[in-house]
Amino acid sequence: MRLLDAAAASFDDPVGLLRACHERILEHCETLERLAEHLARVGVDSEARLAATRIRRYFHMAGPAHHADEENQLFPWLLARPDFPSMLRAVVRNLTDQHRQLEVAWRVLDADLLAVENGEQPEALHLEPFISMNRAHVALENGEIFPVAEKLLEEGVARRLGAAMAKRRVEGS
């Protein structure tokens, strides 16, 4: 029996922290799907409003910080390394473009969630392409980029990247 969760990722493990954020993103995608079903069955109630509030809070706060962590710390560090595989360089550059596409999809969905948060039934929750894009994006980063980053990441660099990520959250609050 497991009584305690695994140790939470920390800024000492920046890739682990990014992976943990990905897990939360995927969990929120599942909640969004359940929310759509709930709205179709029950309509807007206190449970739906709370779910919309929590999802909005997460993607307004953690989403931009997560993208900045990757774009300002991890990706430039990887691209500056001569031993980073050439076949992954274009993939990393494309990930930044994917962030912009995710942000556009989020703005559409966010308007729907704001309506729910305010007690209004939206015509629809525009879950797509937000959910499918997030799932594909997370799978690519977790499966292709992060394993290479973890192999290349030395302790001193991890501390430096993690410190910059932590600083962003302090300055952003």
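In full-length UniProt numbering, the protein residues as written are 1 to 173. Glycine included, every Cβ here is placed at the ideal spot set by N, Cα and C.
Taking a contact to mean a Cβ-Cβ separation below 9 angstroms, would you say asparagine 142 touches arginine 24 in this structure?
no
Cα-Cα, which of Gln73, Leu114 and Glu27 is closest to valine 92?
Gln73
Between the CA atoms of glycine 16 and methionine 165 - distance to the nearest angstrom
12 angstroms
Arginine 168 versus histidine 28 - alpha carbon distance
23 angstroms
Whether or not the region 148-165 and the region 66-82 are in contact is what I'm after, with contact meaning three or more pairs of Cβ atoms, one per stretch, closer than 8 angstroms; do they touch?
yes
Check whether the region 31-46 touches the region 59-69, counting contact only when three or more Cβ pairs, one atom from each stretch, lie closer than 8 angstroms.
no
Could you say which of Ala51, Ala90, Glu103 and Pro14 lies nearest to isoleucine 131 if we only look at CA atoms?
Glu103
Can you look up phenylalanine 75 in the DSSP assignment and give me helix, strand or coil?
helix
Cβ-based neighbour list, serine 86, same chain, cut-off 7 angstroms, excluding 5 preceding and 5 following
none
Compute the distance between the beta-carbons of glutamate 70 and threonine 96, then report whether it is under 9 angstroms.
yes
Proximal residues to leucine 109 (C-beta, below 6 angstroms), its chain only, five neighbours per side dropped:
His126 and Phe130
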